[in-house]
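Line order of the protein sequences matches chains A, B, C and D. Each residue of the first sequence is one higher than the one before, starting from 32 at the first, in our numbering. Each residue of the second sequence is one higher than the one before, starting from 32 at the first, in our numbering. Each residue of the third sequence is one higher than the one before, starting from 2 at the first, in our numbering. Each residue of the fourth sequence is one higher than the one before, starting from 2 at the first, in our numbering. Even glycine gets a Cβ: it sits at the ideal position worked out from N, Cα and C. The structure appears right after this line, and notes come after that.
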Amino acid sequence: METIITFTEAPIVIPPLNLPSREIGASLEFLGIVRELEKDSVLKGLNYEAYESMARRVLTRHFEELGSRHPCEQVLFIHRLGWVPVGEASLFVRVLSSHRQEAFLFLDALITRLKTDVPIWKSATAGP
Amino acid sequence: METIITFTEAPIVIPPLNLPSREIGASLEFLGIVRELEKDSVLKGLNYEAYESMARRVLTRHFEELGSRHPCEQVLFIHRLGWVPVGEASLFVRVLSSHRQEAFLFLDALITRLKTDVPIWKSATAGP
Amino acid sequence: MTITILAFAQARSLFGFSTTTVSCDAADTPRTVVLRLVPTAELTALRAALDCEYVSWDSPLGDAKELAILPPVSGG
Amino acid sequence: MTITILAFAQARSLFGFSTTTVSCDAADTPRTVVLRLVPTAELTALRAALDCEYVSWDSPLGDAKELAILPPVSGG
Chain A
32 METIITFTEA PIVIPPLNLP SREIGASLEF LGIVRELEKD SVLKGLNYEA
82 YESMARRVLT RHFEELGSRH PCEQVLFIHR LGWVPVGEAS LFVRVLSSHR
132 QEAFLFLDAL ITRLKTDVPI WKSATAGP
Chain B
32 METIITFTEA PIVIPPLNLP SREIGASLEF LGIVRELEKD SVLKGLNYEA
82 YESMARRVLT RHFEELGSRH PCEQVLFIHR LGWVPVGEAS LFVRVLSSHR
132 QEAFLFLDAL ITRLKTDVPI WKSATAGP
Chain C
2 MTITILAFAQ ARSLFGFSTT TVSCDAADTP RTVVLRLVPT AELTALRAAL
52 DCEYVSWDSP LGDAKELAIL PPVSGG
Chain D
2 MTITILAFAQ ARSLFGFSTT TVSCDAADTP RTVVLRLVPT AELTALRAAL
52 DCEYVSWDSP LGDAKELAIL PPVSGG
């Protein structure tokens with residue numbers, strides 16, 4: 032499984048789809064977008080920070096564990112850091128697999144783990 | 032819920048993301064891609080046909096039913112018809128919602144229903 | 002009255018037409034209309050639709066204008 | 002030996018630094034090092050990591066070079 036992890040302070044640009052083989056049957060993409068309302072307060076955006084070296088290591092381990100349960104061919108993970116205004120993406124994940132079920136299970140579980148186990152934090156306190 | 036259904040004989044062009052509100056937190060996209068190996072035979076592509084007027088009606092009903100269970104803000108559905116070579120997309124679906132779980136449940140169930148209940152057919156018999 | 006019959010995918014090769022129009026009565030059903038046209042037709046694996054709605058093979062045609070013969074679907 | 006302590010997100014405001022370096026022994030633990038620095042620190046809601054691996058607050062530092070103090074994560 033090919034995996035690419037990117038952290039960027041710039042707006043996320045979705046990479047062109049590049050199929051690693053003629054056996055890819057499913058491409059599943061998730062964009063996490065900053066919303067205006069979070070826990071009843073009106074936001075202009077969120078500030079993201081990561082412990083990047085550790086986040087890469089933890090993510091890589093989750094990719095491997097999830098990939099052994101739900102075989103996929105490629106995972107592209109991009110997390111934006113710094114200030115992200117409402118309406119812009121903080122997260123992009125693309126999963127390529129032969130069959131859609133693997134991509135769905137992989138991606139859903141990955142985002143759950145991201146939100147509980149990967150050292151990345153958002154805060155509503157600091158503006159741009 | 033805004034819904035758009037498109038059938039096209041041309042290669043699928045993914046429409047730019049257009050957020051209908053500042054409350055969209057999740058965009059989930061699925062591309063179904065024609066694979067070279069299907070049931071052990073090597074393909075150059077697949078030929079798709081639809082009973083389009085009925086497919087629109089059946090899809091619209093499934094959108095409504097699924098939307099009442101898993102509220103989403105927008106569904107964009109594009110199915111290619113005619114000859115689709117290996118490595119190109121036959122299907123694109125984008126679902127926008129406030130929270131990711133609704134988009135995942137909606138999209139997963141929609142594709143299952145598409146494959147069992149919507150009058151669209153593929154065949155490996157006719158080349159380009 | 003007349004009804005237009007549409008045959009899709011494998012049904013097109015099985016029946017030898019993609020569209021045809023036949024005479025019928027409101028009391029006819031998809032089954033009676035299709036069997037009149039192709040007496041040896043095997044309908045078990047096929048579904049019928051009247052005016053874009055799935056129906057049983059034994060539903061009366063009523064005032065439907067279009068009868069579709071649908072093999073198992075395989076979109077996506 | 003010395004170890005570099007990193008504090009992220011709310012831990013940075015709680016502890017008043019984002020990075021600092023302190024003296025320690027191999028038998029020290031994340032808890033003993035942090036409490037020596039901030040005796041009133043409340044660690045219950047925080048996790049510790051040594052050299053980019055989660056550890057318990059009571060694991061010996063060993064030859065770790067970097068101790069991170071991590072509030073509950075909220076990425077995505």
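- Three or more beta-carbon pairs drawn from the region 141-159 of chain A and the region 73-80 of chain A are found closer than 8 Å, and the two stretches are therefore classed as touching.
- When only Cα atoms are considered, L138(B) and I6(D) end up about 44 Å apart.
- What D139(A) touches in chain B, judged by beta-carbon distance under 7 Å, is F135, going in chain order.
- DSSP, reduced to helix, strand and coil, places S58(A) within a strand of the structure shown.
- Within the DSSP secondary-structure output, K153(B) pairs in a beta bridge with Y79(B).
- Between the beta-carbon of G113(B) and that of M32(B) there is about 29 Å, and that puts the pair past the 8 Å contact cut.
- R111(A): member of the beta strand (DSSP E) spanning Q105 to R111, first to last residue.
- Where S14(D) is concerned, the enclosing alpha helix (DSSP H) starts and stops at Q11 to F16.
- Residue environment: I35(B) is assigned as exposed (fewer than 16 neighbouring CB atoms within 10 Å of its CB, all protein chains considered).
- Straight-line spacing of the CA atoms in L71(D) and L136(A) works out to 28 Å.
- Straight across, the Cα-Cα distance linking P102(B) with S52(B) is about 14 Å.
- For E67(C), the enclosing beta strand (DSSP E) covers residues E67 to L71.
- When DSSP states are grouped into helix, strand and coil, R125(B) belongs to the strand group.
- The C-beta separation of M85(A) from C53(D) comes to about 4 Å, placing the pair in contact by the 8 Å criterion.
- One Cα belongs to L145(B), the other to R88(B), and the distance between them is close to 12 Å.
- Within chain B, not a single residue places a beta-carbon under 8 Å from that of L15(C); the smallest gap is close to 13 Å.
- Two segments are said to touch when three or more pairs of C-beta atoms, one from each, lie closer than 8 Å; by this definition the region 54-68 of chain C touches the region 23-39 of chain C.
- In the DSSP assignment, I4(D) falls within the beta strand (DSSP E) that extends over T3 to A8.
- In the DSSP assignment, R32(C) falls within the unbroken alpha helix (DSSP H) covering P31 to L38.
- Excluding five sequence positions before and after A140(A), the CB atoms of its chain that fall closer than 7 Å to its own CB belong to L97, given in chain order.
- Under the DSSP assignment, R131(B) falls in the alpha helix (DSSP H) whose first and last residues are R131 to D148.
- S60(D) sits in coil when the DSSP states are folded into three classes, being neither helix nor strand.
- Residues of the same chain with a CB within less than 6 Å of the CB of A65(C), apart from the 5 flanking positions on each side, are L51 and D52 in chain order.
- Contacts between T147(B) and chain C, judged by CB atoms closer than 8 Å, involve V74 in chain order.
- In this structure, R66(B) keeps its C-beta atom at 9 Å or more from the C-beta atom of I142(A).
- Contacts with chain B at 9 Å (Cβ-Cβ) do not include A41(A).
- A straight-line Cα-Cα distance of about 9 Å links R125(A) and E60(B).
- Beta-bridge partners of T22(C) (DSSP): T5(C).
- When G63(A), L50(A) and R131(A) are compared, the shortest CA-CA separation from F108(A) is found for G63(A).
- In this structure, DSSP gives V89(A) a helical state, which the three-state scheme calls helix.
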